[in-house]
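Novice: Just passing along the structure, written as structure tokens.
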Amino acid sequence: MKSLTFLLPLVLLLAACSVRGADTAALFEQKVKPLLAHHCYDCHSRKADELKGKLRLDSLEDIMKGGANGPAVIAGDVENSFLLRAIRYQEADYQMPPRGRLSDEE
87 MKSLTFLLPL
97 VLLLAACSVR
107 GADTAALFEQ
117 KVKPLLAHHC
127 YDCHSRKADE
137 LKGKLRLDSL
147 EDIMKGGANG
157 PAVIAGDVEN
167 SFLLRAIRYQ
177 EADYQMPPRG
187 RLSDEE
């Protein structure tokens with residue numbers, strides 16, 4: 087399985103550039119969404135008991151919208167987007183998932 091830190095920037099870059107074709111949606115649904123569901127949805131989805139940071143990661147639209155800390159993704163600068171920085175543990179106050187980093191395989 088390819089890493090989330092590889093796939094997520096790709097999907098977000100396509101979304102940020104307004105490339106919303108079937109390929110982008112399929113890549114998100116098949117590769118990225120299952121990892122987000124496994125690691126993030128307890129706190130960041132419609133199903134969360136308490137939505138953390140007003141951030142939902144259920145869909146590309148939710149990801150692009152962002153949450154309490156502003157946009158989760160910066161159009162044209164995906165590598166410096168808040169969501170990527172949090173997943174890569176580059177944000178001191180927001181390291182996600184909080185119970186431990188994703189494995190290299192993820």
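In this text, residue positions in the sequence shown follow this note's numbering: the first is 87, and each later residue adds one.
We treat Cβ as the ideally placed atom computed from N, Cα and C, and that holds for glycine.
1. What is the DSSP secondary structure of G153, reduced to helix, strand or coil?
2. Along the chain, where does the alpha helix (DSSP H) that runs through L169 open and close?
3. CB R58 to CB Y175, shorter than 9 Å?
4. Taking 7 Å as the limit between beta carbons, can you name the residues of its chain near I160, skipping five residues before and five after?
5. Note down the Cα distance separating I149 from K117, rounded to an integer number of angstroms.
6. Go to H125, then tell me how far its alpha helix (DSSP H) extends in each direction, as first and last residue.
Specialist: This is what the structure holds:
1. strand
2. F168 to I173
3. This structure cannot speak to residue 58, because the chain is shown only from 87 to 192.
4. N166 and S167
5. 15 Å
6. K119 to H125
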